[in-house]
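Per my numbering, the very first residue in the sequence shown carries number 207; after that it's consecutive. Glycine included, C-beta positions come from ideal geometry on N, C-alpha and C. Here the structure is a predicted model, which means the values were calculated and not measured. Comments concern the structure below.
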Amino acid sequence: MDRLAELYDGYGQSPWLDNLTRGYITGGQLAGFIERGVRGMTSNPTIFAKAIQGSADYDDQFKDLANDEHPVIDDYWEMVLHDINTACDAFSGLYEESGCTDGFVSVEVDPGLANDGPGTEQAARGLHQRLGRPNAMVKIPATAAGVPIVEQMFAEGRNINITLIFSLDRYQDVMEAYLTGLERYAADGATDLSHVASVASFFVSRVDTEVDRRLEAIGSTEALALRGKAAIAQAKLAYQRFQATFSGTRWDDLAALGARVQRPLWASTSTKNPDYPDTMYVDNLIGPNTVDTLPDQTLEAFAEHGTLARTVDLDVDEAEGEWAALSHVGVDMDDVADQLEREGVDSFKKSFDELIDALTTKAAELTGN
207 MDRLAELYDG YGQSPWLDNL TRGYITGGQL AGFIERGVRG MTSNPTIFAK
257 AIQGSADYDD QFKDLANDEH PVIDDYWEMV LHDINTACDA FSGLYEESGC
307 TDGFVSVEVD PGLANDGPGT EQAARGLHQR LGRPNAMVKI PATAAGVPIV
357 EQMFAEGRNI NITLIFSLDR YQDVMEAYLT GLERYAADGA TDLSHVASVA
407 SFFVSRVDTE VDRRLEAIGS TEALALRGKA AIAQAKLAYQ RFQATFSGTR
457 WDDLAALGAR VQRPLWASTS TKNPDYPDTM YVDNLIGPNT VDTLPDQTLE
507 AFAEHGTLAR TVDLDVDEAE GEWAALSHVG VDMDDVADQL EREGVDSFKK
557 SFDELIDALT TKAAELTGN
């Protein structure tokens, strides 16, 4: 059996592909991934920028779109939503077979709206309505402006993937938004919460990249010994919070109405430091009721030589010790999270803006305007 399938069958973790290109859909690769055990798919503005600019797969559709009177940004969304709809079709069978727990495809709102609550609300609701797919998830960044909108979307019974989570406190806010949103949805008359799905995307490798840089700047023996420890320790502590939040009377009342847990999703799982094992952010975070999004290279590496074992709640005391030690040597993890959130938003916005500029130039060439 492929290790990807065993992740779910043996350990309750759903591997999702962290990539979406039209060539995968039309060329049959996506169907092959699903056969091997991939149970969902995520996308983001950077992924779509690479897909659209890096192939000719979108040229015919864009030529048609460029000749209409709509702005180029509307043409972008037409191409993106075409891919999302087609991917939702590919995963629809798994969505039904899994009892509506997997088979999701995620699409992100315009990253320029990350700190614009009203704009995010309008965009997220609009994407849901345009797609109208039960196995589509709209991605909203977990910024201070985004979290209240996340709650509102759940109060309307919508599927949300909350992305760019870098801190334990913000993760707790995201889980609270889910619970409160579901409670509001039920108070407004919803009697079946089972069709509302959510994942909370906790970013991993980027944390080590930034923390390791700070540890090396500190330079002490104690600091250097903590390199490569922060991301996995934080994720394990996040899983402890997940288990505590989705238990007890409050959760039981929602579960009685069919509510499903909001699964933690490990994002940014490719290894940035070549000195680290290429599957370390997969091997060390395996456990029930979790999702792991895997870029192509990491997916293939894990399928070939990943280690299958329940690890997400292993050595939690050690993770707590490492977490405390980071503060002791002088690493401010709140500041790390703030910086990574800003960088994440800026990176997605840069990819989005560059793609729109490139499409605008291309449209002018095609139409002669």
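Neighbourhood of residue i by C-beta distance below 6 Å, restricted to the same chain and skipping five residues each side
i	result
Ser-400	Gly-464
Asp-578	The first residue shown for the chain is 207 and the last is 575, placing residue 578 beyond what the model contains.
Tyr-487	Val-410, Ser-411, Thr-475
Phe-239	Leu-223
Ala-257	Thr-227
Same chain, Cβ closer than 8 Å to residue i, five either side skipped, listed in chain order
i	result
Asn-273	Leu-572, Thr-573
Thr-349	Ala-320, Asn-321, Leu-370, Glu-547, Val-551
Pro-483	Thr-477, Asp-489
Glu-528	Leu-432, Lys-435, Ala-436, Ala-439
Val-522	Lys-442, Leu-443, Gln-446
Gln-267	Glu-284, Met-285, His-288
Ser-426	Val-535
Reduced DSSP category for residue i - H, G, I as helix; E, B as strand; rest coil
i	result
Gly-323	helix
Lys-435	coil
Asn-291	helix
Gln-219	strand
Thr-477	coil
Arg-466	coil
Val-315	coil
Phe-254	helix
Ile-231	helix
Phe-310	strand
Leu-561	helix
Ala-329	helix
Pro-354	helix
Gly-527	helix
Spatially closest choice to residue i from the options, by CA coordinates
i	options	result
Leu-430	Asp-458, Val-535, Arg-364, Glu-526	Val-535
Ala-320	Leu-561, Asp-563, Ser-557, Val-551	Val-551
Gln-378	Thr-504, Ala-406, Ile-366, Leu-236	Ala-406
Asn-225	Asp-481, Arg-516, Thr-499	Thr-499
Val-353	Ile-424, Ala-383, Leu-287	Ala-383
Thr-451	Gln-468, Phe-408, Lys-442	Gln-468
Lys-568	Asp-270, Glu-357, Glu-212	Asp-270
Phe-558	Arg-242, Ala-423, Thr-252, Met-285	Thr-252
Ala-461	Trp-472, Leu-388, Leu-443, Gly-512	Leu-388
Met-247	Asp-523, Asp-502, Lys-556	Asp-502
Gln-449	Thr-496, Ser-533, Trp-283	Thr-496
Gly-318	Tyr-282, Ala-564, Arg-447, Ser-553	Ser-553
Ser-533	Glu-428, Ala-564, Val-402, Thr-485	Glu-428
Ala-570	Pro-480, Arg-516, Ala-330, His-276	His-276
Leu-213	Glu-524, Ile-492, Ala-525, Ala-392	Ile-492
Ile-346	Gln-335, Glu-362, Gly-512, Gly-323	Gly-323
Asp-208	Gly-233, Lys-556, Leu-514, Ile-366	Leu-514
Pro-221	His-334, Pro-494, Ala-530	Pro-494
Gly-218	Arg-516, Ala-329, Ala-531	Arg-516
Contact belief for residue i with residue j at Cβ below 8 Å, rounded distance in angstroms
i	j	result
Val-278	Ile-562	6 Å
Ile-231	Asp-308	Incorrect: roughly 18 Å between the Cβ atoms, too far for contact.
Asp-544	Tyr-445	Going by Cβ atoms, the distance from Asp-544 to Tyr-445 rounds to 22 Å, so no, they are not a contact pair.
Val-286	Phe-254	6 Å
Ser-249	Val-313	6 Å
Ala-154	Ala-237	Here the chain comprises residues numbered 207 to 575, so residue 154 is not present and cannot be evaluated.
Asn-291	Leu-337	7 Å
Close-in-space but distant-in-sequence residues of the same chain around residue i (CB under 7 Å, 5 per side omitted)
i	result
Glu-327	Ile-355, Gln-358
Ser-474	Phe-409, Val-410, Ser-411, Arg-412
Thr-566	Val-278
Glu-284	Leu-271
is_contact[residue i, chain C] using C-beta, thresh 8 Å
i	result
Phe-508	You won't find chain C in this structure, because it holds only one protein chain.
Contact the stretch 358 to 378 vs the stretch 536 to 545: 3+ CB pairs below 8 Å: Short answer: they touch.
Touch test, the stretch 291 to 305 against the stretch 337 to 347, Cβ-Cβ under 8 Å, three pairs minimum: Yes, since at least three Cβ pairs between the stretch 291 to 305 and the stretch 337 to 347 fall closer than 8 Å, the two stretches touch.
Segment contact, 8 Å Cβ cut-off, at least three pairs: the stretch 414 to 433 with the stretch 494 to 512: Counting Cβ pairs under 8 Å, fewer than three are found: no touch.
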